[in-house]
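Quick notes on the structure that follows.
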Amino acid sequence: MTTRTCKQLIEEYPRRSLQFPHTRLPIVLPDGDTRDVYNISSPFSYHGALILLGRVEYRHNEDSDVVFFCRESGKWVPDKRFQVLKHLQDPFYTFIHGHLILGGVQIFETAWKETSYRTVFFKETKPFSFQQFACGPDGMKDIRLLELSDGCVLVTTRAQGKVGGRGEIGWLILHSVDELNPQVFSSANLFEDQFTSDEWGGTNQLHMLKNGKVGVLSHIANFDDAGNRHYYCTCFWLDPKEGKHSPMKMIAVRNNFEAGESKRPDLQDVIFSGGLVRMGDGTARLYCGVGDAEAHCISIPDPFSEWENTSYVS
Numbered sequence: 035m036t037t038r039t040c041k042q043l044i045e046e047y048p049r050r051s052l053q054f055p056h057t058r059l060p061i062v063l064p065d066g067d068t069r070d071v072y073n074i075s076s077p078f079s080y081h082g083a084l085i086l087l088g089r090v091e092y093r094h095n096e097d098s099d100v101v102f103f104c105r106e107s108g109k110w111v112p113d114k115r116f117q118v119l120k121h122l123q124d125p126f127y128t129f130i131h132g133h134l135i136l137g138g139v140q141i142f143e144t145a146w147k148e149t150s151y152r153t154v155f156f157k158e159t160k161p162f163s164f165q166q167f168a169c170g171p172d173g174m175k176d177i178r179l180l181e182l183s184d185g186c187v188l189v190t191t192r193a194q195g196k197v198g199g200r201g202e203i204g205w206l207i208l209h210s211v212d213e214l215n216p217q218v219f220s221s222a223n224l225f226e227d228q229f230t231s232d233e234w235g236g237t238n239q240l241h242m243l244k245n246g247k248v249g250v251l252s253h254i255a256n257f258d259d260a261g262n263r264h265y266y267c268t269c270f271w272l273d274p275k276e277g278k279h280s281p282m283k284m285i286a287v288r289n290n291f292e293a294g295e296s297k298r299p300d301l302q303d304v305i306f307s308g309g310l311v312r313m314g315d316g317t318a319r320l321y322c323g324v325g326d327a328e329a330h331c332i333s334i335p336d337p338f339s340e341w342e343n344t345s346y347v348s
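Here is the structure:
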């Protein structure tokens, strides 16, 4: 397996100079609400409606809420049937055994009065109501879940620190989401050949492919010499039976989206891989947060088609 750097992936990406117009999503908050909406999920169907999750916060802080949006007159507006999830960032969703599970990054204060974060998960208790039922270890983002064909649950993780450096992707398989707890993540198998020591990445969404492999929407990131952050949208495949995976390939860069605002100057080249919808015609709709300030969407070639229809070589 050959490790690929951000620079190499950009050079291999044929659409790196292509910019699409009108990529910003029409998301509307109530009059007087000046917060930004970004780091969205992809839309999903829930009780007959199309729902979009968004991170909503003021430009100059990171105390965010997760708001549920529905489509109304061609725009995304807050769906008042849902309760806002407070102090939560970067929402995501999955369906396990037919039940909707939501997740996000919870910001909290430690016993030492320091700010930390963890991934938390919510189950539906009744239509339009959700309750937290599990969390990951402190300091871990980018945990994602996927129901496999045998009913087990694939969990992808991101280790950091003494194990994982700036951020390495891991995976494990559970029999049920009821097994989720902070301790279980220590048993994750890590892919140690995806990133160089000064770069990092994580998973954003998992797709079950027809041939049993899992298509992973992901990201890779680094800092430049001036301290600016650069985040790129990538993907790869994972074989949960054999533990094999493909090299990453880049599927979007900031330049692919129309010009817009950013939360800070050092975040201008950041895109967050929120979610991907496979259209079934060889294309996909990619939903991204841009610059930690805006929500965008572009149409791209389905990145999983080639892996779904061909055998792989490790």
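Taking the working numbering, I'd label the letters of the sequence shown as residues 35 to 348.
Note that the Cβ used here is the ideal one computed from N, Cα and C, for glycine as well.
| Asked | Found |
| --- | --- |
| I believe H264 touches T57 by the beta-carbon criterion, under 8 Å. Please report the beta-carbon distance rounded to the nearest angstrom. | H264 to T57, Cβ: 19 Å. No contact. |
| Below 7 Å CB to CB, which residues in the same chain sit around L52 once its five sequence neighbours on both sides are set aside? | N290 |
| What does the alpha-carbon distance come out to for the pair I190 and F54? | The sequence shown places Thr at residue 190, rather than the Ile named in the question. Going by the C-alpha atoms only, they are around 31 Å apart. |
| Can you look up S146 in the DSSP assignment and give me helix, strand or coil? | Just to set this straight, residue 146 is Trp in the shown sequence, not Ser. DSSP places W146 in coil when its eight states are reduced to three. |
| Give the DSSP bridge partners of A318, in chain order. | R312 and I334 |
| Could you spell out the range, first to last residue, of the alpha helix (DSSP H) harbouring K41? | C40 to E46 |
| Helix, strand or coil for N343 per DSSP? | coil |
| A327: which of R288, R312 and V311 sits nearest, CA to CA? | R288 |
| Give me the residue from V71, T317 and R50 with the minimum Cα distance to C267. | R50 |
| In chain order, what residues of the same chain lie with their CB nearer than 6 Å to the CB of V62, ignoring the 5 residues before and after it? | K109 and V111 |
| What did DSSP end up calling P299 once you bin it into helix, strand or coil? | helix |
| Indicate whether the contact test is met: 3 or more Cβ pairs, each with one atom in the stretch 270-286 and one in the stretch 41-50, closer than 8 Å. | yes |
| Taking the DSSP output, what are the residues bridged to A21? | Outside the shown range of the chain, which is 35 to 348, sits residue 21, and nothing can be said about it. |
| I need the boundaries of the beta strand (DSSP E) containing F349, first residue and last residue. | Nothing can be reported for residue 349: it is not among the residues displayed for the chain, which extend from 35 to 348. |
| For a quick check, are the C-beta atoms of E342 and N238 less than 7 Å apart? | no |
| Can you list the beta strand (DSSP E) stretches of 3 or more residues lying completely in the stretch 67-154, in chain order? | 70-72, 78-80, 83-91, 99-106, 109-112, 122-130 and 133-143 |
| CB-CB under 6 Å to C169, same chain, minus the five flanking residues each way: which ones, in chain order? | R152 and V154 |
| From this set, L179, A145 and N223, which residue's C-alpha is nearest I130's C-alpha? | L179 |
| If we define contact as Cβ-Cβ less than 7 Å, is K244 a contact residue for chain D? | The structure shown contains no chain D; it holds only a single protein chain. |
| If you measure between the beta carbons of G353 and V101, is that distance less than 7 Å? | No answer is possible for residue 353: it lies beyond the span of the chain, which begins at 35 and ends at 348. |
| Measure the Cβ-Cβ separation of L208 and A222 and say whether it is below 7 Å. | no |
| When we look at the beta-carbon of V347 and count the other beta-carbons within 10 Å, is it buried (16 or more) or exposed? | A caution first: V347 carries a pLDDT of 49, below 50, which makes its placement in the model too unreliable to give a value. |
| Quick check: what's the CA-CA separation for V248 versus M313? | 17 Å |
| State the DSSP-derived secondary structure class of V287, mapped to helix, strand or coil. | coil |
| Mind checking which residues open and close the beta strand (DSSP E) that includes I207? | G199 to L208 |
| Is it true that the stretch 251-262 meets the stretch 180-187, where meeting means three or more beta-carbon pairs spaced less than 8 Å apart? | no |
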